[in-house]
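FYI, UniProt numbering numbers position 14 of the sequence shown as 14, with every residue one higher than the one before it.
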Amino acid sequence: MPIYEYRCKKCGKEFEELVLSGDETPKCPECGKEDTERLLSGFAVSGGGSGDAGSLSAPLSGCGGAGGFT
Numbered sequence: 001m002p003i004y005e006y007r008c009k010k011c012g013k014e015f016e017e018l019v020l021s022g023d024e025t026p027k028c029p030e031c032g033k034e035d036t037e038r039l040l041s042g043f044a045v046s047g048g049g050s051g052d053a054g055s056l057s058a059p060l061s062g063c064g065g066a067g068g069f070t
């Protein structure tokens with residue numbers, strides 16, 4: 001059961017909703033309208049518990065230079 005982010009097309013309120021099936025259209029908690037759109041949302045990624053995610057998100061240096069790729 002995923003949690004999706006929605007925006008009401010009538011009042012502009014953004015909210016999250018636990019959706020039981022993909023066909024459900026939740027009502028806006030602000031105005032009660034069902035005219036909502038599902039938003040694209042980011043997600044969290046855990047790095048494995050070391051607390052240092054710097055090496056996981058570090059950009060590659062150069063294009064084919066110092067990385068050892070030929």
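A virtual CB, placed ideally from N, CA and C, is assigned to each residue, including glycine.
Cβ-based neighbour list, residue i, same chain, cut-off 8 Å, excluding 5 preceding and 5 following
i   : result
I3  : E16, E17, L18 and V19
C31 : C8, K10, C11 and K13
Burial state of residue i, where buried means 16 or more other Cβ atoms lie within 10 Å
i   : result
C11 : exposed
Straight-line gap, residue i to residue j (C-alpha atoms, nearest Å)
i   : j   : result
E34 : T25 : 6 Å
R7  : S21 : 18 Å
For residue i, three-class secondary structure by DSSP
i          : result
residue 81 : Because residue 81 is not part of the residues shown, which for the chain are 1 to 70, the question remains open.
L18        : strand
E37        : strand
K27        : coil
Sequence-distant residues of its chain with Cβ nearer than 6 Å to residue i (five each side left out)
i  : result
E5 : E16, L39 and S41
Contacts around residue i, its chain only, beta-carbon distance under 7 Å, and the 5 residues preceding and following it disregarded
i   : result
E37 : Y6, R7 and K9
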